[in-house]
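Colleague: Those letters in the sequence shown? Residues 0 to 134, by numbering that gives the first Met the number 0.
Don't be surprised by glycine CBs; every beta carbon is placed ideally from N, CA and C.
Could you have a look at this structure, given as structure tokens, before my questions?
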Amino acid sequence: MHAQKKVKKSDAEWRTDLSDESYRVTREKGTERPFENAYHDLKTPAVYHCICCGTPLFDSDHKFNSGTGWPSFFQPIAGTAIEEYDDRSIFFMPRTEVACSICDAHLGHVFNDGPMPSGLRYCINSASLHLKAKG
0 MHAQKKVKKS DAEWRTDLSD ESYRVTREKG TERPFENAYH DLKTPAVYHC ICCGTPLFDS
60 DHKFNSGTGW PSFFQPIAGT AIEEYDDRSI FFMPRTEVAC SICDAHLGHV FNDGPMPSGL
120 RYCINSASLH LKAKG
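This is the structure in structure tokens:
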């Protein structure tokens with residue numbers, strides 16, 4: 000299996016292709032307001048894709064209610080769908096940023112307080128996702 004080619008666009012292209020909110024979240028590493036986003040409590044069987052490049056990222060079978068106000072998953076759809084980075088942007092508080100491995104879109108963060116089997120909580124911004132219903 001070969002690696003998928005990285006998606007690179009100019010800032011102007013991203014601004015044209017994305018809503019203002021999706022641009023702010025994915026390209027400027029913003030965060031949505033909790034409980035005021037599209038997918039935090041959605042239970043539709045679906046695959047969640049990157050809003051920027053269409054890469055499948057998370058499956059609704061791995062989604063759970065974390066009570067945080069953002070969509071939360073205990074694992075990504077594939078081990079290569081996301082990349083993780085050290086993030087100390089808020090008062091040097093250590094966090095792990097999650098980004099799309101194909102276009103480097105900021106998705107959210109991952110924490111070590113999720114359910115089994117992984118024990119992880121991928122806390123993801125709805126504005127970084129595009130839902131494709133199953134079936």
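On the premise that Tyr121 lies in contact with Gly107, defined as a C-beta separation below 8 Å, what is that separation, rounded to the nearest angstrom?
Modeller: 7 Å
Colleague: One question on the structure: do Glu35 and Val24 come within less than 8 Å of each other, judged by their Cβ atoms?
Modeller: no
Colleague: Across which residues does DSSP place Lys131 in a beta bridge pair?
Modeller: Val46
Colleague: Note down, in chain order, each residue of its chain lying with its Cβ closer than 6 Å to the Cβ of Val6, except the 5 sequence neighbours on either side.
Modeller: Here the set comprises Cys52, Ile101 and Cys102.
Colleague: How about Asp58 and Ile81: do their beta carbons lie closer than 8 Å?
Modeller: no
Colleague: Under a three-way DSSP split, which group does Ser38 fall into?
Modeller: Note that residue 38 is Tyr in the sequence shown here, rather than Ser. Three-state DSSP puts Tyr38 in coil, outside helix and strand.
Colleague: Name the DSSP bridge partner or partners of Arg94?
Modeller: Asp86
Colleague: What number of angstroms, rounded off, separates the C-alpha of Ser9 from the C-alpha of Leu128?
Modeller: 20 Å
Colleague: For Phe72, list the residues DSSP reports as bridge partners.
Modeller: Answer is Lys62 and Tyr121.
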